[in-house]
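Protein chains: 2
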Amino acid sequence: MTYEQAELRADMLKALAHPVRVLIVDALTAGDRCVCELNALADIDQSGLSRHLAILKKTGIVSDRRNGMKVFYHLETPCILKALTCAFEAVKNHARRRASLLRAG
Amino acid sequence: MTYEQAELRADMLKALAHPVRVLIVDALTAGDRCVCELNALADIDQSGLSRHLAILKKTGIVSDRRNGMKVFYHLETPCILKALTCAFEAVKNHARRRASLLRAG
DNA sequence: CCACCATATGCGAATATGCGCATAAGGGCA
DNA sequence: TGCCCTTATGCGCATATTCGCATATGGTGG
């Protein structure tokens, strides 16, 4: 893999690597949501949420669509979920390994 | 998903979200490598590489094993590759969409 | 046009990340 | 023990992220 290819992948991962953005992507798997609905996900300023959405949009993970006064966000890359699930499984495995090491040692 | 669960996933993604670390994980899919081998992957200081490896190790993505003077790193979570592949496909889709928008508009 | 609602952006401050240099730490070998 | 090789860590600096506040923008309805 070239460095440039690695950079593309890293940019994608970086766009996802924030708890609020993970929550957003998770919520969008159930269907499109407007900003006002997503705002209930985390205890965060509205402007902050808007910025997180802009980050996801810039990398193409989500797209947006206006409907009257509201803007709805749509998950463009559902496969990104596999990444999240994998990450979660890996975290659990890691925790389990650490726990058994603590028991043994 | 709770905020705590999202934080765990985000930590995992953050650990991967750097081009050098992506290169490391990619290289380790072909088998264990010592630091001196990995050092050839990118034009980076040896201390920097060591730090990147420490980040991957802390989250459980890789583990290390001493063999004589050398330390070998091992990929603990090969499923993480699916995340990388997904990220890459998503990047390509995004680029394609942007390109066709440019053509149309 | 004006008031209002939903969303986005400018700005500054706090914090985190990444880097290189120097150096420490762990281990092999004479 | 002393020297060398491989890898890790302390430190300071530059840059990037994140956040909240204030405010701008786009759209609706009176």
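Protein chains in written order, with numbering that gives the first Met the number 0: chain A, 0 to 104; chain B, 0 to 104.
For every residue, glycine included, the Cβ atom is placed at its ideal position computed from N, Cα and C.
Being a predicted model, the structure only gives us computed values, none of them experimental.
Take B/V19, set aside five residues on each side of it, and the residues of its chain with a beta-carbon closer than 8 angstroms to its own are L40, A41, I43, G47, L48, H51, in chain order. Think of a sphere of 8 angstroms around the beta carbon of B/I43: no beta carbon from chain A falls inside it, the nearest being about 10 angstroms out. Taking a C-beta distance under 8 angstroms as the contact criterion, A/R8 and B/L83 qualify as a contact pair. Between A/M0 and B/E36, the alpha-carbon positions lie close to 15 angstroms from each other. The C-beta distance from A/C33 to A/V70 rounds to 6 angstroms, short enough to fall under 8 angstroms. Ranked by Cα distance from B/I79, the first of A/F87, A/Y72, A/L74, A/H73 is A/F87. Secondary structure remark: continuous alpha helix (DSSP H) runs of at least 4 residues inside the stretch 29–57 of chain B, in chain order: 34–37, 45–57. Between A/N92 and chain B, the shortest Cβ-Cβ separation is below 8 angstroms. Per DSSP, the unbroken beta strand (DSSP E) holding B/H73 starts and ends at 69–74.
A direct Cα-to-Cα measurement between B/N92 and B/H73 gives close to 31 angstroms. By the rule that beta-carbons nearer than 8 angstroms mark a contact, B/H17 touches chain A. Under the Cβ criterion of 8 angstroms, A/C33 is not counted among the residues facing chain B. Below the 8 angstroms Cβ cutoff, chain A contributes no neighbours of B/Y72, its closest Cβ being approximately 15 angstroms away. Per DSSP, B/A16 is not a residue of any alpha helix (DSSP H), being assigned neither H nor E.
Burial state of B/M68 is exposed, judged by a 10 Å Cβ sphere holding fewer than 16 other Cβ atoms.
According to the DSSP secondary-structure assignment, A/S62 is paired through a beta bridge with A/H73.
Using a CB distance cut-off of 8 angstroms, A/L7 counts as an interface residue toward chain B.
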